[in-house]
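Chemist:
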Amino acid sequence: MLLKRCGPCLRIAPAFSSMSNKYPQAVFLEVDVHQCQGTAATNNISATPTFLFFRNKVRIDQYQGADAVGLEEKIKQHLENDPGSNEDTDIPKGYMDLMPFINKAGCECLNESDEHGFDNCLRKDMTFLESDCDEQLLITVAFNQPVKLYSMKFQGPDNGQGPKYVKIFINLPRSMDFEEAERSEPTQALELTEDDIKEDGIVPLRYVKFQNVNSVTIFVQSNQGEEETTRISYFTFIGTPVQATNMNDFKRLF
214 MLLKRCGPCL RIAPAFSSMS NKYPQAVFLE VDVHQCQGTA ATNNISATPT FLFFRNKVRI
274 DQYQGADAVG LEEKIKQHLE NDPGSNEDTD IPKGYMDLMP FINKAGCECL NESDEHGFDN
334 CLRKDMTFLE SDCDEQLLIT VAFNQPVKLY SMKFQGPDNG QGPKYVKIFI NLPRSMDFEE
394 AERSEPTQAL ELTEDDIKED GIVPLRYVKF QNVNSVTIFV QSNQGEEETT RISYFTFIGT
454 PVQATNMNDF KRLF
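Written out as structure tokens, the structure reads:
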């Protein structure tokens, strides 16, 4: 958002225009805060230029100031973290794939195989996460900001190794072990079907229980076919950041 008489806005305008051509996979829009005062107020714009970032109509970040290099780095960061230009059409309007908000450095997986570790299930490719000593896995996922969770994608193979009974815990003050996970009451328990773990499957969560989530602990108790080990091809969360603005709140000006 900019003000046409603002010096910093005028300085960065050519770079902003150039970036809109350099990164055609993103949509670049200019909003004059003088002409669109309501929009500026809705988004708490206190200085110009301010650049707001949206994905799937949900505000996910902002950058303030006329530093073209810093702005371009922010743009590249979000494009690199984009789950895909052909976003899942089954994600409801107003929600998004939260993979870009996962803090990989804060994640942990107990009983992962040395050959098929946790990072594999965060990528959409032929790799996978596999348990080691038995069929159970205990995964902790940290987010880099509070989020609201609407649903999950939990993809697994169709050979009986896909996850079945799963417990989900949120915002635990410390890491738990398998014994604690067995006896503790979860935020939600899931019994996944073979359809749930297919590529187009979505597993709904009790949205009211997942309104301010900093971390999720997932206890995979068993798999579909009572196999010795469990495999997870890919998983992610669907929802929104807590500090989010919906593009539907913007007023149409023409």
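Numbering (the numbering used here), first residue to last: 214 to 467.
Cβ coordinates follow ideal geometry from the N, Cα and C atoms, glycine included.
Please state if the CB of E328 and the CB of T443 are separated by a distance shorter than 8 Å.
Modeler: As a working mapping, residue 443 is identified with position 230 in the sequence shown. As a working mapping, residue 328 is identified with position 115 in the sequence shown. No. Outside cutoff.
Chemist: Can you look up A239 in the DSSP assignment and give me helix, strand or coil?
Modeler: Indexing the sequence shown from 1 puts residue 239 at position 26. In the structure shown, A239 sits in coil (DSSP, three-state: anything other than H, G, I, E or B).
Chemist: Helix or strand or just coil, what does DSSP make of S397?
Modeler: Within the sequence shown, the letter at position 184 stands for residue 397. The answer is coil: DSSP assigns S397 none of H, G, I, E or B.
Chemist: My parser needs the alpha helix (DSSP H) runs of 4 or more residues fully inside the region 366 to 447; what are they?
Modeler: Here the runs fully enclosed are 391 to 396.
Chemist: Applying the 10 Å Cβ sphere with the 16-neighbour rule, what's the burial state of Y308?
Modeler: As a working mapping, residue 308 is identified with position 95 in the sequence shown. That one is buried.
Chemist: Kindly confirm or deny that the region 281 to 293 and the region 219 to 237 touch, where touching means at least three C-beta pairs closer than 8 Å.
Modeler: Yes, they touch.
Chemist: Can you say whether L466 is buried or exposed, counting buried as having 16 or more other CB atoms within 10 angstroms of its CB?
Modeler: As a working note, residue 466 is residue 253 in the sequence shown. At L466, the pLDDT of 37 sits below 50, so the modelled position is not reliable and the matter cannot be decided from this model.
Chemist: To the nearest angstrom, how far is it from the Cα of P237 to the Cα of R268?
Modeler: As a working mapping, residue 237 is identified with position 24 in the sequence shown. As a working mapping, residue 268 is identified with position 55 in the sequence shown. Looking at the two C-alpha atoms, the distance is approximately 15 Å.
Chemist: Take Q424 as the anchor and find which of C322, K361 and Q290 has the nearest alpha-carbon.
Modeler: For the purposes of this step, residue 424 is taken as the residue at position 211 of the sequence shown. That would be K361, whose Cα lies nearest to the Cα of Q424.
Chemist: Using a 10 Å radius around the Cβ and a threshold of 16 neighbouring Cβ atoms, would you call V421 buried or exposed?
Modeler: The residue you call residue 421 lines up with position 208 of the sequence shown. So V421 ends up on the exposed side.
Chemist: When the cut-off is 8 Å and only beta carbons count, does N333 lie next to chain B?
Modeler: This model lacks chain B altogether, as it is built from one protein chain only.
Chemist: So what's P359 in DSSP terms, helix, strand or just coil?
Modeler: Against the sequence shown, residue 359 aligns to sequence position 146. Here P359 sits in strand by DSSP.
Chemist: Rounded to whole angstroms, how far is the Cβ of Q275 from the Cβ of T263, which I believe are closer than 8 Å?
Modeler: Position 62 of the sequence shown holds residue 275. Position 50 of the sequence shown holds residue 263. That belief holds up - the Cβ atoms of Q275 and T263 are roughly 6 Å apart, short of 8 Å.
Chemist: Does C334 pass the burial test, meaning 16 or more other C-beta atoms within 10 Å, or should it be called exposed?
Modeler: Numbered from 1 along the sequence shown, position 121 holds the residue referred to as residue 334. Flag for C334 reads buried.
Chemist: Taking 8 Å as the cut-off, does the region 358 to 372 touch the region 447 to 455 (at least 3 CB pairs, one atom from each stretch)?
Modeler: Yes: the two stretches touch, three or more of their Cβ pairs being nearer than 8 Å.
Chemist: Find the nearest neighbour of G414 within the set R224, L350, G375 and P313, judged by alpha-carbon distance.
Modeler: If you number the sequence shown from 1, residue 414 lands on position 201. Nearest C-alpha to G414: G375.
Chemist: State the DSSP-derived secondary structure class of F266, mapped to helix, strand or coil.
Modeler: Within the sequence shown, the letter at position 53 stands for residue 266. Strand.
Chemist: How big is the Cα-Cα spacing for K377 and E395?
Modeler: Counted from its first residue, the sequence shown places residue 377 at position 164. Counted from its first residue, the sequence shown places residue 395 at position 182. Using only the alpha carbons, I get a separation of about 15 Å.
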